[in-house]
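Everything below concerns the one structure shown next.
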Amino acid sequence: MTKVQRILWDYGMMTVGTAITAIGINGFYVPAKISDGGISGVGIILLYLLHVPLWVSLTVLNVPLLWLSKKLWGNRVGTRTVYGTLMLSVMVGIIRIGAVTHNVLLATVYGGLLSGVGLGMVFRARGTTGGSDVIARLLTRFLPITMGQGMMVVDFFVIAAFGVVFNPTLAMYSLIALFISSRAIDVVQEGVSYARAFTIVSQKPDIIAAKVLEVMDRGVTRIGAYGEYTKEPREILYVVITRSEVSTLKELIYSVDPTAFVVVATVHEVVGEGFRKPPLEV
């Protein structure tokens, strides 16, 4: 994938992502009076209190945030933020669908999923939709907190406002929507946990490595280490496999060395030989 193709792919992904998010907002969040926080949540409150169209609120409230984004993070990030923010406003304005369901719980679940998937696509394309994303970045600039913590602070205050304006029950549903949306964002950005990473400490690394290569046709990385307790040099084996191969690798390891020390970790995304092919340019 060339640089131009990658740019077109990213902007296309942001366009589709904002459309999916708009469906989640208009089809589920707005009719149920819930939100997963952010500027869209403020816009829903203004829609019911002052009858301001949601797309207007999204545009007007984001103007100073867009200016800050451009000022603080430069043209590349700023341009993608401007595009993502304006596209979300446009999609919310043109995708006018009524309530898909009148069940608040279903609206919470499906609204959270659609919003999370859509925003995850935007984030994966290295863009944002303005709003709480920009505010969270500002908070991380001036306070010792992470991006995720910053977004939680912003979303908490917006959802608390739902409890005051509407009722506490809708605020609690909004918290559920926030959780679902956050998990969906993580899955889209990081991938489903389809792989496992094995860290193997054994007295017989040569035999285990040979069997992994021969029997499982998987690569093995050797890492030099030092055992503090034994005061002896060791070799650690690092192997990444699919989830379905976990039992096979465990059986292989312990058939060679029953005393092997093994750590299994969840891997969300693997790029390289035997897994997903990397893009030529990023």
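Its first residue numbered 1, the sequence shown is counted upward by one per residue in the UniProt record's numbering. Here a beta-carbon is modelled for each residue, glycine too, at the ideal position from N, C-alpha and C.
According to DSSP, VAL263 shares a beta bridge with THR199. Taking the Cβ atoms as the reference, SER174 lies roughly 5 Å from ILE159, within the contact range of under 8 Å. The beta carbon of THR18 sits closer than 7 Å to those of GLY84, MET87, LEU88, MET91, GLY118, VAL122 and THR129, all from its chain and outside the five residues before and after it, given in chain order.
Taking C-beta atoms as the reference points, SER115 and THR21 count as a pair closer than 8 Å.
Straight-line spacing of the CA atoms in LEU58 and GLU251 works out to 56 Å. The alpha-carbon separation between THR108 and GLN189 amounts to approximately 21 Å.
ARG234 and GLY191 have their C-alpha atoms roughly 33 Å apart. Short of 6 Å from the beta carbon of VAL263, and not among the five residues preceding or following it, lie these beta carbons of its own chain, in chain order: THR199. VAL220 sits close to LEU237, with the two beta carbons spaced by under 8 Å. Taking a contact to require three or more Cβ pairs closer than 8 Å, the segment 92-103 and the segment 28-37 qualify as touching. GLY227 and ALA177 have their C-alpha atoms roughly 47 Å apart. For GLU190, the enclosing alpha helix (DSSP H) covers residues 168-190. Within the segment 75-162, the complete alpha helix (DSSP H) segments at least 4 residues long are 104-124 and 132-142, listed from N- to C-terminus. Approximately 10 Å separates the beta-carbon atoms of VAL52 and LEU61; this is outside 8 Å, ruling out the contact. Counting of Cβ neighbours within 10 angstroms places PRO205 among the buried residues, the total reaching 16 or more.
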